[in-house]
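Participant:
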Amino acid sequence: MILTAHQPVYLPWLGLFHRIALADTFVYFDAVQYQTHDFNSRNKIKTPQGELWLTLPVQRKGYHGKRLCEIELDNTQPWAKKHWRSIEQNYSKAPYFDLYAPFFEETYKRTWTYLAELNEYMLLWFLETLGITRKFLRASQLQFEGKKSDLVLDMCKKVGADTFIFGSLGAHYAEQQEFEQAGISLLFQNYVHPTYPQLHGAFIPHLSIIDLLFNCGPQSLGVLMQGNVQNVTDALRAAQNNELQGGAQDRKITLRAVLKEDCRLIWDWANDPATRTVSFSPEPIPWDEHTAWFHEKLSDERCHMYMGLDGRGFPVGQIRFDCSNGEAQVDVHIDPAKRGQGFGTRLILAGTAKLFEETTVHTVHAFIRKENAASIRSFTKAGFSPQGSQMLRNAETMHYILKK
């Protein structure tokens, strides 16, 4: 049985529904402590002015230490009226607003006492509307023990799961060896956000699911699944092959062309704090600047961008070649959760081999800041030769080349 779990979230984003769709059973984890400034009680919609947060007020007295299932809404504030008015004002002209509006109007007219109760009611409706039918369990009605990785492992054992799907951050705390010893396979979601028709100008990702529903209606499930793992069976088969082949599949990198749906993922990787510290510009890249650059690169015939996938089909990194007159400059980003596992070298090897095979490029140049020891190791292992150092953008830079 394939299991996943998540805390109560107000008007969840698309990625949660992709993860639930891959599982057999979903645990509504309402037994953990409430976190302020989290998605437990807020999310974003789109307006003509950009993103707008819809935030649920909660009773502050004594909320520290309470479980999510015990957190009460502050009904002295007219939050329901305000949220419905914001949704109506900003989506009334969306193609499928009239189809779904009655549910929201009715929901916001009701009186809700508990945060988790409202979030659960909405979540179940979202799942039904999307056509995702899964077994639904509440953590507050079960007796799970432990913290972080141990808590997830205990949950898997008690509900009889043989596979657990973590979110992308799960790799940072999951004690994978303990799950292996218990006979439980792990998958780590790496959600590639799709683009779809929206109101109010340029596309904005990572909004509430209601933005997708109002704009795409009955096609919403297909949209949120596109560009991502479609089922766990193939991923599990790949994982089992890894085990039989001593991890050969995990060591293998396959490539696909970068898609427009990869825009957000590549932005997230590029803006990782550790990445910025060894980049030529340490400042975070603004979203608008990134999207303009990204779409320009996608339409540039001289630019070849590939997404590297591991043996389970999950993105692990991106490699880009900017080509001119038989030569190319290479740029690589690795998923922060996959660093230190050799994916950098394998992605460089696979990418350069594909470039040499499919283009007339005969020389690839890499310019790496001297402080970036990990990248220098990856390029050296991939066969690149040092050509000395030079100053580039006010930073001492190592120059490496690879010839066909």
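All the letters of the sequence shown, read from the start, carry residue numbers 5 to 408 under our numbering. The beta-carbon is built from N, C-alpha and C at its ideal position, and this holds for glycine as well.
1. Have a look at 167, 47, 111 and flag the residue whose alpha-carbon is nearest the alpha-carbon of residue 9.
2. Using DSSP with H/G/I as helix, E/B as strand and the rest coil, what is residue 396?
3. To test your reading of the DSSP string, which unbroken beta strand (DSSP E) runs of 3 or more residues are found completely within the segment 321 to 405?
4. Answer yes or no: do residue 217 and residue 125 have a C-beta to C-beta separation smaller than 8 Å?
5. Nearest to residue 260 by alpha carbon, out of 58, 271, 12, 321?
6. Evaluate residue 337 with the Cβ neighbour count: other Cβ atoms within 10 Å of its Cβ, from every protein chain shown; 16 or more gives buried, anything less gives exposed.
7. Taking the C-alpha atoms as reference points, what is the distance between residue 405 and residue 229?
8. Please tell me whether residue 395 and residue 380 are closer than 8 Å, where the distance is taken between their beta carbons.
9. Spatial neighbours of residue 209 within its chain, please: C-beta separation below 6 Å, excluding the five flanking residues on both sides.
10. Which residue comes first and which comes last in the alpha helix (DSSP H) that contains residue 86?
11. Please list, in chain order, all residues of the same chain as residue 310 whose beta carbon is under 6 Å from its beta carbon, the five residues on each side excluded.
12. By alpha-carbon positions, which one of 151, 109, 79, 139 ends up nearest to residue 117?
13. Count Cβ pairs between the segment 135 to 152 and the segment 39 to 46 that sit closer than 8 Å; are there 3 or more?
14. Indicate the three-state DSSP secondary structure (helix, strand or coil) for residue 13 in the structure shown.
15. Secondary structure at residue 208, three-state DSSP: helix, strand or coil?
16. Let me check understanding here. Comparing Cα to Cα, which of 17, 193, 75 lies closest to residue 27?
17. Touching or not, the segment 289 to 299 and the segment 325 to 336, by the rule of three or more beta carbon pairs under 8 Å?
18. Below 8 Å between beta carbons: does that hold for residue 213 and residue 130?
19. Quick one, are the C-beta atoms of residue 32 and residue 143 less than 8 Å apart?
20. Go ahead and label residue 206 buried or exposed: buried means 16 or more other beta carbons lie within 10 angstroms of its beta carbon, across all protein chains shown.
21. Report the residue ranges of all beta strand (DSSP E) runs contained in full by the segment 111 to 178; include only those spanning at least 3 residues, in chain order.
22. When the Cβ atoms of the segment 51 to 69 are set against those of the segment 83 to 94, are three or more pairs found closer than 8 Å?
23. Kindly indicate which three-state DSSP category residue 31 falls into: helix, strand or coil?
24. Just verifying my parser: in three-state terms, what is the DSSP assignment at residue 70?
25. Since residue 299 is in the beta strand (DSSP E), which residue starts that stretch and which ends it?
26. Taking the continuous alpha helix (DSSP H) assigned at residue 22, which residues delimit it?
27. So, helix, strand or coil for residue 264, using DSSP?
28. How far does the beta strand (DSSP E) with residue 315 in it reach, from first residue to last?
29. Looking at the structure shown, is residue 189 part of a helix, part of a strand, or coil, going by DSSP?
30. Within 10 Å of its beta-carbon, does residue 377 have 16 or more other beta-carbons around it, so buried, or fewer, so exposed?
31. How many whole angstroms separate the CB atoms of residue 134 and residue 224, which I take to be in contact at a CB cut-off of 8 Å?
Facilitator: A quick look at the data gives this:
1. 167
2. strand
3. 331 to 338, 367 to 373, 389 to 396
4. Judged by their CB atoms, residue 217 and residue 125 are not nearer to each other than the 8 Å cut-off.
5. 321
6. buried
7. 39 Å
8. No, these two residues do not count as a Cβ contact at 8 Å.
9. 197, 268
10. 83 to 95
11. Excluding residues within five positions, the ones whose Cβ falls inside 6 Å are 259, 323, 355.
12. For the residues 151, 109, 79, 139, the minimum Cα distance to residue 117 belongs to 79.
13. no
14. Coil, per DSSP.
15. coil
16. With respect to the C-alpha of residue 27, the residue from 17, 193, 75 having the closest C-alpha is 193.
17. Three or more Cβ pairs closer than 8 Å define a contact, and the segment 289 to 299 falls short of that threshold against the segment 325 to 336.
18. yes
19. yes
20. exposed
21. Listed in chain order, the beta strand (DSSP E) elements of length 3 or more contained wholly in the segment 111 to 178 are 139 to 142, 167 to 170.
22. yes
23. strand
24. Collapsing the DSSP output to three states places residue 70 in coil.
25. Element bounds for residue 299: not the beta strand (DSSP E) but the alpha helix (DSSP H), 291 to 302.
26. Counting along the chain, the alpha helix (DSSP H) containing residue 22 begins and ends at 18 to 26.
27. The three-state secondary structure of residue 264, taken from DSSP, is helix.
28. Where residue 315 is concerned, there is no enclosing beta strand (DSSP E), given that its DSSP letter is neither H nor E.
29. In this structure, residue 189 counts as strand in the three-state DSSP scheme.
30. exposed
31. 6 Å
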